[in-house]
Amino acid sequence: MRLGAEAREDERLVGRLETDVKRAIRTIPDYPKKGIPFKDLTTLWRNGKLTRRVMDAMEKRWKGARLDKVVGIEARGFIVGAPLADRLGAGFVPARKVGKLPGSKVSMNYELEYGRQGLEIHTDSISKGDRVLVVDDLLATGGTSRAAGTLVERLGGKVVGFAFVAELRSLKGRRKLSGYEIYSLAKYD
Ligand code: AMP
Numbered sequence: 002m003r004l005g006a007e008a009r010e011d012e013r014l015v016g017r018l019e020t021d022v023k024r025a026i027r028t029i030p031d032y033p034k035k036g037i038p039f040k041d042l043t044t045l046w047r048n049g050k051l052t053r054r055v056m057d058a059m060e061k062r063w064k065g066a067r068l069d070k071v072v073g074i075e076a077r078g079f080i081v082g083a084p085l086a087d088r089l090g091a092g093f094v095p096a097r098k099v100g101k102l103p104g105s106k107v108s109m110n111y112e113l114e115y116g117r118q119g120l121e122i123h124t125d126s127i128s129k130g131d132r133v134l135v136v137d138d139l140l141a142t143g144g145t146s147r148a149a150g151t152l153v154e155r156l157g158g159k160v161v162g163f164a165f166v167a168e169l170r171s172l173k174g175r176r177k178l179s180g181y182e183i184y185s186l187a188k189y190d
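For the sequence shown, the working numbering gives the first residue as 2, with consecutive numbering after it.
In C-alpha cells, the structure reads:
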C-alpha cells in the first residue's frame, strides 16, 4: 500500500518536472533552417532551481547503473554530461566535432536532421569493458547519439544507455537506439 502511494507520488513529481521543463524550453521556428522547430534549452539552463531538479532526476535514473564513463556530445551534451558524470562518480568523455580533439581518435560520419556531421572521441578515453552512458540535450533522429554509441563500442566500451533532457518523438530517434536503455525527460509529439 505504502509502496503504491510512494510510486504514485514519484510519478506525480516526474509529471510536474516534465511540465516545468517543457514550459522553460523555448521553441524557435525555422532555425537553423526553414521547417526546423529548434528547441532552445538555454532558457532552461538559466534557471538554477529547475536545472538542479533536472540533474536530480537524471542522477536518480542512472545511479544504480555502475557507470565508468559518461560521454557528452558536443556542445550541448556537455552541459548535462559533465555534471551528471560528477554526480555519478564517473569519468567524463567529450564526443567532439571533427578536428577538435588533439590526440589519437576514432571518428564517424552520420546524417543530421539538418545536414551531415562527424563525431570523434579520443582512443584512450574508453577502456575495454567500461560501462558508458551517452548523454545529449535532445534526441531528434538519433543519428548523433547512435554515432557516439558506435564509437564507444568500437573502443570496447559497453553502452549502458542513452540519456536526454528532451525528445522529439515524431523523428523516431528511438528506432536507431533500439535494444538500449533510453531516458528522456521532456517528450514532444
Ligand atoms: P539527431 O542526431 O537528429 O538526434 O540530433 C540530435 C542533435 O542535434 C542534438 O545534439 C541536438 O542538440 C541537435 N538537434 C537536432 N534537432 C534539434 C532541434 N529541433 N532542436 C534542438 N536541437 C536539435
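The C-beta atom is built at its ideal place from N, Cα and C for all residues, glycine as well.
Here the structure is a predicted model, which means the values were calculated and not measured.
Candidates the options, of which the one nearest residue i by Cα
i, options, result
"I80", "D11, A148, D137", "D137"
"A108", "G116, F93, T124", "For clarity, residue 108 is Ser in the given sequence; the question names Ala instead. When only C-alpha atoms are compared, the closest one is T124."
"V94", "L68, K173, K64, D31", "L68"
"K70", "G130, N48, Y32, K98", "G130"
"I37", "A187, L172, K177, K188", "L172"
"A76", "R62, K23, D57, V99", "V99"
Inter-residue Cα distance where the pair is residue i and residue j
i, j, result
"G82", "S146", "13 Å"
"D11", "G104", "44 Å"
"P84", "L134", "13 Å"
"L102", "Y184", "28 Å"
"E60", "V72", "15 Å"
"G157", "F165", "23 Å"
"A141", "G90", "28 Å"
"M56", "R175", "22 Å"
"R62", "R13", "16 Å"
"G49", "G78", "17 Å"
"G92", "Y32", "33 Å"
"S179", "R132", "18 Å"
Same chain, Cβ closer than 6 Å to residue i, five either side skipped, listed in chain order
i, result
"E182", "G162"
"K177", "G143, R147"
"S126", "V94"
Same chain only: Cβ atoms within 7 Å of residue i, ignoring 5 sequence neighbours per side
i, result
"D21", "L51"
"K40", "I26, T28, L139, A167"
"A148", "M109, Y111, L120"
"L152", "A96, V107, M109, L120, I122"
Proximity test, residue i beta-carbon vs the ligand NAP heavy atom, cut-off 7 Å
i, result
"L113", "In the structure on display, the ligand NAP does not appear, and the ligands it does have are the ligand AMP."
Three-state class that DSSP yields for residue i in the structure shown
i, result
"D137", "strand"
"T142", "coil"
"A91", "coil"
"A66", "coil"
"L45", "helix"
"G162", "strand"
Residues bridged to residue i (per DSSP)
i, result
"M109", "L120"
"I74", "A96"
"T28", "K40"
"E7", "E7 is not bridged to any residue."
"S185", "F165"
Same chain only: Cβ atoms within 8 Å of residue i, ignoring 5 sequence neighbours per side
i, result
"K188", "E19, A167, E168, R170"
"A58", "V15, L18, L186"
"E154", "V160"
"L45", "V22, A25, I26, L51, T52, V55, V166"
Neighbour flag for residue i against chain B, beta carbons, 8 Å
i, result
"R53", "The chain labelled as chain B is not found in the depicted structure, where only one protein chain is given."
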